[in-house]
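A.B. asks:
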Amino acid sequence: MDLLNTLVDKGLRRELPTRDEALAVLATSDDDLLDVVAAAGKVRRHWFGRRVKLNYLVNLKSGLCPEDCSYCSQRLGSTAGILKYTWLKPDQASDAAAAGVAGGAKRVCLVASGRGPTDRDVDRVSETIKAIKDNNEGVEVCACLGLLSDGQAERLREAGADAYNHNLNTSEATYGEITTTHTYEDRVDTVQKAHAAGLSACSGLIAGMGETDEDLVDVVFSLRELDPDSVPVNFLIPFEGTPLGKEWNLTPQRCLRILAMTRFVCPDVEVRIAGGREVHLRTMQPLALHLANSIFLGDYLTSEGQAGKADLEMIADAGFEVEGTGQVTLPEHRAAGGCHDGGGVCGSDGGACGSGEEPQAAERHTGAEPRTDLVAVRRRGAGTDLAPNA
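Its first residue numbered -15, the sequence shown is counted upward by one per residue in this note's numbering.
1) L17 and Q290 - do their beta-carbons sit closer together than 9 angstroms?
2) Are there 16 or more other CB atoms within 10 angstroms of the CB of A191, so buried, or fewer, so exposed?
3) If you draw a straight line from the C-alpha of E341 to the C-alpha of T196, how long is it?
4) Relative to the C-alpha of R256, which residue among A276, C250, P270, R(-3) is closest?
5) Output needed for H264: all residues of its chain with C-beta closer than 6 angstroms, excluding positions within five of it in sequence on either side, in chain order.
6) Mind reading off the beta-carbon distance from M193 to T246? Whole number of angstroms is fine, and I expect it under 8 angstroms.
7) Is the stretch 8 to 17 touching the stretch 76 to 87 in the sense that three or more CB pairs, one from each, lie closer than 8 angstroms?
8) Can you check the stretch -8 to 62 for any alpha helix (DSSP H) of at least 4 residues that lies completely inside it and give the ranges in chain order?
9) Going by DSSP in three states, V312 sits in which element: helix, strand or coil?
10) Who are P216's beta bridge partners in DSSP?
11) Less than 8 angstroms between the CB atoms is what I'm expecting for C250 and R208, so what's the real figure, rounded?
12) Would the stretch 356 to 367 count as touching the stretch 55 to 75 if we require 3 or more Cβ pairs under 8 angstroms?
13) Expressed to the nearest angstrom, what Euclidean distance is found between the alpha-carbon atoms of A294 and P222?
14) Going by C-alpha to C-alpha distance, which of E353, A360, R139, G308 sits closest to E124?
15) Take the Cβ of E254 as the centre, count every other Cβ of all protein chains shown within 10 Å, and call the residue buried at 16 or more, exposed below.
16) Nearest CA to the CA of T2: which residue from V201, D173, S278?
17) Below 8 angstroms, can you find three or more Cβ-Cβ pairs linking the stretch 122 to 140 to the stretch 165 to 182?
18) Given 8 angstroms as the limit, tell me if R247 has its C-beta closer than that to any heavy atom belonging to the ligand FAD.
19) Let me know the secondary structure DSSP gives F223 once reduced to three states.
20) Please classify A178: is it buried, with 16 or more other beta-carbons within 10 angstroms of its beta-carbon, or exposed?
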């Protein structure tokens, strides 16, 4: 396909595809799917080889959130039967993190529900970061605490945080349909604060919320413009008791197309398969490793993932290798900090997002049969007396 050859060439040059090209990837047929995976795989291997970075989540504070994000089991008004607990102590969080590191995780992601941290919360998380780094040599720590106030990103950086995660989740045009208690602009502002403080910015999306192909392209192009170092691609886990609990819009094939489109638009960043891969990719997960160079190990915030041992076996069986703490994840030009120019589009020779044409009308995708049997509430690890899955 001429389209795929063009996209590979652009990916190897870090050149931005047009919007029409990105939309065309999402519109490819099942007959062409392996060709799409093979093409995006060339770009992935060019920048990241066959390495897979493992990340491990520690949910520092679960549930009890005042925000109304429709996709979230921890939201205000959620009746999902998730674990609910207040802040873990630094030693508890460090013990939880150690399990992930022992399983091969290179990065620990510290997450807390809520609108954003108070200054006291930042102090608490700073102590946790120090405890984790003191006990786990070479580990990276990413904080995900919600909307940041002025000066908080700098304090986290001084405490030893390496990165900060705050996802855009969906397109600016449809953001108000998903959340009303904060804005899309609030999220962009927090990613920019992380950048400015010298933290590695991590920001991604959630697919499967009833969005159109246009919405997916919009949010990935917006992410490219924000220039995070890592882009987690989440697939909605439809929790009963949330407004999106009946949204089952994804097939394994569509998930692979979304990952491929993300790789073509963001060729040299860490693309991470995040929440929902077991629910929606299922037995196609090994193919997704040809597109993404990073995954979460074990369980998620409020749901269970597949066994950590199975993750490691999948990576090995697919012919990939786990990235070690001594290896640098990002390509040299990004690891050196040369791409963060304060708002430009990294690697773009034009600086514009897309072709400049008016967006074409797109229909919402409908797809899979509900697989509620694959949605399991986390009952182990952080916040429990049971051993974590790592």
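We treat Cβ as the ideally placed atom computed from N, Cα and C, and that holds for glycine.
C.D. replies: On the basis of the data shown:
1) Their beta carbons are not under 9 angstroms apart, which means Q290 does not touch L17 by this criterion.
2) Flag for A191 reads buried.
3) Low per-residue confidence applies at E341: pLDDT is 40, beneath 50, and the placement is therefore not dependable, though the value from the model is reported in the following sentence. If I take the Cα positions, the gap works out to 17 angstroms.
4) Checking every option, the nearest Cα to that of R256 belongs to A276.
5) If we look at H264 and ignore the five residues flanking it on each side, its Cβ neighbours are F219, L234, C239.
6) Going by Cβ atoms, the distance from M193 to T246 rounds to 16 angstroms, so no, they are not a contact pair.
7) No contact exists between the stretch 76 to 87 and the stretch 8 to 17.
8) As far as the stretch -8 to 62 is concerned, its whole alpha helix (DSSP H) runs of at least 4 residues are 3 to 10, 17 to 32.
9) Assignment of V312 by DSSP, reduced to helix, strand and coil, places it in the coil class.
10) Looking at the DSSP assignment, P216 forms a beta bridge with R256.
11) Contact flag correct, Cβ pair sits at about 6 angstroms.
12) The stretch 356 to 367 makes contact with the stretch 55 to 75; the number of CB pairs closer than 8 angstroms reaches 3 or more.
13) Near 23 angstroms, if we compare the C-alpha coordinates of P222 and A294.
14) Per the Cα distances, G308.
15) E254 counts as buried, since at least 16 other C-beta atoms from the protein chains shown sit within 10 angstroms of its C-beta.
16) The shortest C-alpha to C-alpha distance from T2 to any of V201, D173, S278 is the one to V201.
17) Yes, the stretch 122 to 140 touches the stretch 165 to 182.
18) Looking for the ligand FAD in the displayed structure turns up nothing, as the structure carries no ligands at all.
19) In the displayed model, F223 falls within coil according to three-state DSSP, outside both helix and strand.
20) Result: buried.
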